[in-house]
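These notes are about the structure you will find just below.
Below you can see the structure in the form of structure tokens.
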């Protein structure tokens, strides 16, 4: 705590009424270094864990540190990563959205259904694949809007609303195609999830671009800063003239659109849209785990994209190492879950208070 | 009602200490059957501490409490306390989701609940005392007055012989207050002792047989109400050493200007009516001119904070109109009010004043991100810090740098961040609610100077809503609210502290004749 009368300047910068700052030179540098260290430490809290996993992976299998394996991991985690960006944004405003996993399945299903002919279990509308991409994003936006309005304007509990929405959307996903799997997706539709630039998966590049852009947006854009303010203290944000409701609803919409995009990448990766995609696979646990391991607070207002990305990469490494270690399929889920819980604990230790949930 | 039985409640030599402050010092207080004793005192005089001790929530540090001649049960033995003495707290202690009967017997049932008996006994109590409330009704459907009756019934159903009423009229309408008085008289005439705690002196004169005055933890006066004048009471409450406003530097008070003459109203409020948990408003009309500092004061629940919040758009209102420079401000839309030019310094800085883990500069510029951002909406931290620097410097804000999280600052510096955030957007009107609460003396003077400066220098209107009388020294005039209505207005600074206190109690000070009698 800094005293109010600290003109000696030992503790802080004293700005005089005249506007000139009385700055003790050495201490400012120290303060800046301290500030950077804290910030840096918070953001790369998971780095030691990731390095550890690289070492473990290399020991478990010589195949782990090969370009093709790492590219495979990159492709595998990209779709999940994009959903994690969406969920992180929603968590940052102090909300939560369980239905992202269903949007992840439903949006590509609706788009594919409108694109494909009846013979391939499509609707027969046979719209262009590019129009299909717009439909996909529109489905995401619509789901987010409904969630956002119900939660923010209707003041309904976000947990229950999005849990209900999860089931509704998953039902629609199976209902419109009578639980069929849609294959033969047009090339343009599957491109983002399946193509490679040389050895690098396009989906990985796209996910990386999204992480960077959203990260910069959160750090430097006024709406991004407003997201932190709204999540950190909605009453204070409101008192400062921020349109809290609009920001919240906007974030729900953006989050669902990102989930829809993630769904598209997943469909491209497996060259099909199955009834299982999303809800059936139960990806939401991984989504929350990646965000929280990455230091995004479930109470809102805290988190950043570097952390979220680290969380996603960590999950990808764990999954891959378990595969390479030939862990029996019967046990893989239990071990996967246990490792995630352990990683959460480790991230909490490494990250210190910044990753702690407040009491 | 002068015949006094033996004391039902008897406190002798009670001391109570909280940390380093002595909340009660050698208090002797007794209440006998059929007596209504009024307990008055300024905020912090120790009334709540007496309530806590008599309710069995806190033990006294020294002295004894006797109930009907026997030593009081130990603290926490709620059921034995309730047999003798029951408290109707200022804030409702009724569980809204339960029925009336369940609330009446809350915590007082045997291990197994006989619903039929519970309802029957509730009906008996209601019938015996002539209360018209159904035992089966859900409490969330009841009015504030009915909830209070449920609490009184709870006391009576356990056979309590003494009832503590803590600020019982704070949330009641005028007619409900009259009916409450009738119920209190009914209680005392049946031999129940009543301790009546109130801010409102006129109520005390109307309902109490005797009055005790607390000042700084000491009982300084106990006498029959009939033998006291309101001046006596106020003198006892305030004490002889009338503390003059200490915080503000002299230049503010001497720099009283007469912008009122040139008054082109910045703010016009007409017939504002609002219902709020913070106190309702009933047809309040005010104006604030260019460069004018207008104070609004009153007791807790008189509507002072509600008025400020409604004007700032932090809270809605039911009817009436708020206009800034002639432009109508929509009800309850903070962002719109701010865009129109209304700055808002909230009552509780922790709740509304800043985002704790964000930096000083970011908080201080949160109101002007639209001005600081470039065409893409990007905010450069350097630009933000540069914009925050002059405002925080003017307030002598001490921090380790623009990026320091506000949660690490002292209370006074946190409040400076909140004020800086408001000043940053050059508001035409600043609504400041208790802007110096809980800040140190030096910061207090600075904050008041800053507010006065914005008015004098930049011509902004300032509406200073505060129950802290020492804040009001910077005001050109002071409006006193009583129960959501304008009671009187003081137009000539310097304002006399005692007269202000008299007015906030809803009394007119006949001796000086400055306060005008309100309509009713």
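Residue numbers (this note's numbering), protein chains in the order written: chain A, 11 to 369; chain B, 4 to 523.
Backbone N, C-alpha and C fix where the C-beta goes; we use that ideal spot for every residue, glycine too.
To the nearest angstrom, how far is the alpha carbon of residue i from that of residue j?
i             : j             : result
residue 20/B  : residue 45/B  : 18 Å
residue 353/A : residue 303/A : 7 Å
residue 344/B : residue 430/B : 5 Å
residue 91/A  : residue 113/A : 15 Å
residue 323/B : residue 472/B : 28 Å
residue 228/B : residue 40/B  : 9 Å
residue 143/A : residue 291/A : 23 Å
residue 109/B : residue 146/A : 56 Å
residue 289/B : residue 461/B : 21 Å
residue 340/A : residue 346/A : 11 Å
residue 162/A : residue 23/B  : 45 Å
residue 334/A : residue 342/A : 11 Å
residue 205/B : residue 225/B : 17 Å
residue 205/A : residue 418/B : 55 Å
residue 242/A : residue 163/B : 47 Å
residue 246/A : residue 490/B : 32 Å
residue 79/A  : residue 207/A : 15 Å
Going by alpha carbons, who is nearest to residue i out of the options?
i             : options                       : result
residue 176/B : 55/B, 453/B and 305/B         : 305/B
residue 415/B : 357/B, 110/B, 430/B and 389/B : 357/B
residue 351/B : 317/B, 377/B and 335/B        : 317/B
residue 93/B  : 127/B, 213/B, 169/B and 419/B : 169/B
residue 263/A : 150/A, 69/A, 74/A and 90/A    : 150/A
residue 203/A : 140/A, 257/A and 271/A        : 271/A
residue 139/A : 199/A, 173/A and 85/A         : 199/A
residue 469/B : 116/B, 40/B and 477/B         : 477/B
residue 160/A : 106/A, 80/A and 222/A         : 106/A
residue 265/A : 224/A, 305/A and 280/A        : 224/A
residue 259/A : 236/A, 276/A and 250/A        : 236/A
residue 437/B : 410/B, 241/B and 466/B        : 466/B
residue 285/A : 169/A, 56/A, 131/A and 100/A  : 131/A
residue 242/B : 218/B, 231/B and 233/B        : 218/B
residue 401/A : 188/A, 220/A, 81/A and 167/A  : In the structure as shown, chain A starts at 11 and stops at 369, and residue 401/A therefore has no counterpart that could be examined.
residue 445/B : 14/B, 399/B and 15/B          : 399/B
residue 215/A : 73/A, 87/A, 348/A and 76/A    : 87/A
Which partner residues does residue i have in the DSSP bridge list?
i             : result
residue 231/A : 381/B
residue 134/B : BP columns for residue 134/B are empty, so no partner.
residue 488/B : 485/B
residue 215/B : 42/B and 225/B
residue 85/A  : DSSP lists no partner for residue 85/A.
residue 2/B   : The displayed coordinates of chain B run from 4 to 523. Any statement about residue 2/B would go beyond what the structure contains.
residue 195/A : DSSP, once it has assigned bridges, lists no residue as partnering residue 195/A.
residue 14/B  : 32/B and 68/B
Let me check you understand the geometry: is the CB of residue i closer than 7 Å to at least one non-hydrogen atom of the ligand FAD?
i             : result
residue 210/A : Ligands displayed in this structure: none; no statement on the ligand FAD is therefore possible.
Could you check whether residue j and residue i sit closer than 8 Å to each other, using their CB atoms as the reference points?
i             : j             : result
residue 270/B : residue 327/B : yes
residue 111/A : residue 289/A : yes
residue 313/A : residue 102/A : yes
residue 508/B : residue 203/B : yes
residue 198/B : residue 34/B  : yes
residue 236/B : residue 214/B : yes
residue 479/B : residue 439/B : no
residue 281/A : residue 85/A  : no
residue 187/B : residue 136/B : no
residue 435/B : residue 454/B : yes
residue 342/B : residue 251/A : yes
residue 533/B : residue 160/B : Beyond the ends of chain B as shown, which are 4 and 523, falls residue 533/B; an answer cannot be given.
Identify, in the order they occur along the chain, each residue of the same chain with its Cβ nearer than 7 Å to the Cβ of residue i, setting aside the five sequence neighbours on each side.
i             : result
residue 109/A : 153, 157, 172, 175, 176 and 179
residue 171/B : 91, 151 and 183
residue 318/A : 94, 95, 98, 300, 301, 304 and 306
residue 386/B : 375
residue 190/A : 131
Excluding the five sequence neighbours on either side, which residues of its own chain have a C-beta within less than 8 Å of the C-beta of residue i, listed in chain order?
i             : result
residue 61/B  : 19, 52, 55 and 78
residue 327/A : 60, 63, 64, 67 and 83
residue 442/B : 414, 415, 418 and 450
Using C-beta distances below 6 Å, list every residue in its chain close to residue i, excluding the 5 sequence neighbours before and after it, in chain order.
i             : result
residue 165/A : none
residue 71/B  : 11
residue 17/B  : 27, 30, 63 and 66
residue 381/A : Not covered by the structure: residue 381/A. The range shown for chain A is 11 to 369.
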